[in-house]
Amino acid sequence: MMGAKSAFRPVAPAGRSYGKINLRRIIPVQGKPGKIREGKITALSSRNQERVKDIIDTYGLGDIGIYASLDTMLKDDAVDAVIITTPHTLHPAMAEEVLRSGKHVLVDKPLGINASELTELVRLAEENAHLVSAVMLN
1 MMGAKSAFRP VAPAGRSYGK INLRRIIPVQ GKPGKIREGK ITALSSRNQE RVKDIIDTYG
61 LGDIGIYASL DTMLKDDAVD AVIITTPHTL HPAMAEEVLR SGKHVLVDKP LGINASELTE
121 LVRLAEENAH LVSAVMLN
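Laid out in structure tokens, this is it:
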């Protein structure tokens, strides 16, 4: 998942349903390396602030940004990339918003539900070839 930058520095998962397996596989947490070894969680976005606080405590994430919306989180310059682990019906719109903000994006499967959603995301990703866009398959 390396892109135009030599590596992802800060990585901020965005969404409401953070899978424990997904976080451990991707980002270095709880002493485990993760796939993005240089990655660091810098922010979490969720409407459920109690859930976010629980995740921060569970993974020992310390002092990170907490946002009630993806839009607000995307304005944070400390965020280079976003991992989307929300219900799959939200994936296309959120991925589009992340790409339009100029951030890298990793989307949990499935990327979209219908061909028109995927066509638009592919077009947007091609327009932003300097950004890394990927789908996470586990």
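Here the sequence shown is numbered in this note's numbering, starting from 1 and rising by one per residue. Note that beta-carbon positions come from the ideal geometry of N, C-alpha and C, so glycine has one too.
Straight-line CA distance for residue i to residue j?
| i | j | result |
| --- | --- | --- |
| residue 121 | residue 129 | 12 Å |
| residue 47 | residue 72 | 12 Å |
| residue 101 | residue 136 | 20 Å |
| residue 70 | residue 110 | 19 Å |
| residue 66 | residue 85 | 16 Å |
| residue 126 | residue 134 | 12 Å |
| residue 83 | residue 105 | 6 Å |
| residue 119 | residue 58 | 38 Å |
| residue 112 | residue 93 | 9 Å |
| residue 52 | residue 45 | 8 Å |
| residue 91 | residue 49 | 20 Å |
| residue 21 | residue 123 | With a pLDDT of 47 at residue 21, under the threshold of 50, the modelled position of this residue cannot be trusted; read the value that follows with caution. The alpha-carbon atoms of residue 21 and residue 123 are separated by roughly 30 Å. |
| residue 132 | residue 98 | 11 Å |
So is residue i buried or exposed if we call it buried at 16+ other beta carbons inside 10 Å?
| i | result |
| --- | --- |
| residue 89 | exposed |
| residue 108 | buried |
| residue 80 | buried |
| residue 87 | exposed |
| residue 42 | buried |
| residue 95 | buried |
| residue 75 | exposed |
| residue 103 | buried |
| residue 116 | exposed |
| residue 62 | exposed |
How is residue i classed by DSSP in three states: helix, strand or coil?
| i | result |
| --- | --- |
| residue 135 | strand |
| residue 45 | strand |
| residue 54 | helix |
| residue 106 | strand |
| residue 21 | Because the pLDDT at residue 21 is just 47, under 50, the model does not fix this residue reliably, and the point stays unresolved. |
| residue 140 | The requested residue 140 does not occur in the structure, where the chain is confined to residues 1 to 138. |
| residue 129 | coil |
Shorter than 7 Å from the beta carbon of residue i to some beta carbon of chain B?
| i | result |
| --- | --- |
| residue 42 | Among the chains in the structure shown there is no chain B, since it carries only a single protein chain. |
I'd like to confirm the pairing. Which residues does DSSP put opposite residue i in its beta bridges?
| i | result |
| --- | --- |
| residue 65 | 43 |
Please go through the stretch 67–94 and give each complete alpha helix (DSSP H) segment of 4 or more residues, from N-terminal end onward.
-> For the stretch 67–94, whole alpha helix (DSSP H) runs of length 4 or above, ordered along the chain, are 70–74.
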